[in-house]
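Asker: Below is the structure I would like to discuss, written out as structure tokens.
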Ligand code: VGL
Ligand code: ZN
């Protein structure tokens with residue numbers, strides 16, 4: 002049974018000094034590179050927004066970053082501008098072994114909808130194509146690492162479990178934003194979904 006290592010959003014804007022820095026986000030890079038050496042398949046995800054993306058607080062007059070808004074598909078956190086297509090902030094961390102990747106999947110490229118999960122956009126039904134890629138390669142087991150534990154990693158893990166993949170998450174190779182208890186909520190949800198949380 003083939004297992005894929007899925008590396009979520011290890012990009013400059015999610016590392017210290019970036020526009021939406023995750024505390025100690027850069028600490029996980031060496032450990033992820035080491036896992037890649039023995040992985041059977043390696044997939045990277047890249048948050049990839051147009052500069053006027055609707056998840057940016059800057060697009061909502063009077064709104065502040067980290068507030069909430071209502072989108073047609075449900076509630077949405079408003080973020081600082083981040084991971085703008087082609088920017089240095091959207092680039093992978095310089096030390097990440099990008100050359101080892103079999104595939105890079107970009108998400109969040111439609112202005113009107115955000116995409117935390119590597120499988121579906123935030124309406125939970127528009128597919129990114131990752132499911133088809135994995136299934137046609139015969140991959141049924143996933144090992145998840147990356148940023149941020151409580152947003153993109155969490156949504157990816159829950160969708161993967163819902164789709165029937167066997168999912169393990171290395172918590173020591175993830176870091177969280179932790180907005181208003183979002184980390185505890187994510188961990189509880191993933192446990193309830195029978196996702197294996199290792200590395201603690
Ligand atoms: C992410 C917020 C906005 C993530 C991406 O990678 O967890 N979080 N865009
Ligand atoms: Zn984003």
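In my numbering, the protein residues as written are 2 to 201.
C-beta: ideal position from N, C-alpha, C; glycine also.
1) Contact between the segment 118 to 129 and the segment 63 to 81: three or more CB pairs below 8 Å?
2) By the DSSP assignment, the beta strand (DSSP E) with residue 76 in it spans what residues?
3) Less than 8 Å between the CB of residue 124 and some heavy atom of the ligand VGL, yes or no?
4) With distances taken Cα to Cα, identify the nearest neighbour of residue 152 among 79, 44 and 37.
5) Count the other C-beta atoms from every protein chain shown that fall within 10 angstroms of the C-beta of residue 37, then say buried if there are 16 or more, exposed otherwise.
6) Please name the residue or residues paired with residue 207 in a DSSP beta bridge.
7) Is residue 113 helix, strand or coil when you go by DSSP?
8) Taking 8 Å as the cut-off, is the beta-carbon of residue 22 closer than that to any non-hydrogen atom of the ligand VGL?
9) Given 8 Å as the limit, is there contact between the segment 128 to 139 and the segment 79 to 97, that is, 3 or more CB pairs closer than that?
10) I think residue 172 touches residue 200, with their Cβ atoms under 8 Å apart; what is that distance to the nearest whole Å?
11) Short check: CB of residue 148 to CB of residue 194, under 9 Å?
Answerer: To lay it out plainly:
1) yes
2) Boundaries of the beta strand (DSSP E) around residue 76: 75 to 78.
3) no
4) 79
5) buried
6) One cannot answer for residue 207 here, as it falls past the ends of the chain, which runs 2 to 201.
7) coil
8) No, the Cβ of residue 22 stays beyond 8 Å of every heavy atom of the ligand VGL.
9) No, because fewer than three Cβ pairs between the segment 128 to 139 and the segment 79 to 97 fall closer than 8 Å, the two stretches do not touch.
10) 5 Å
11) no
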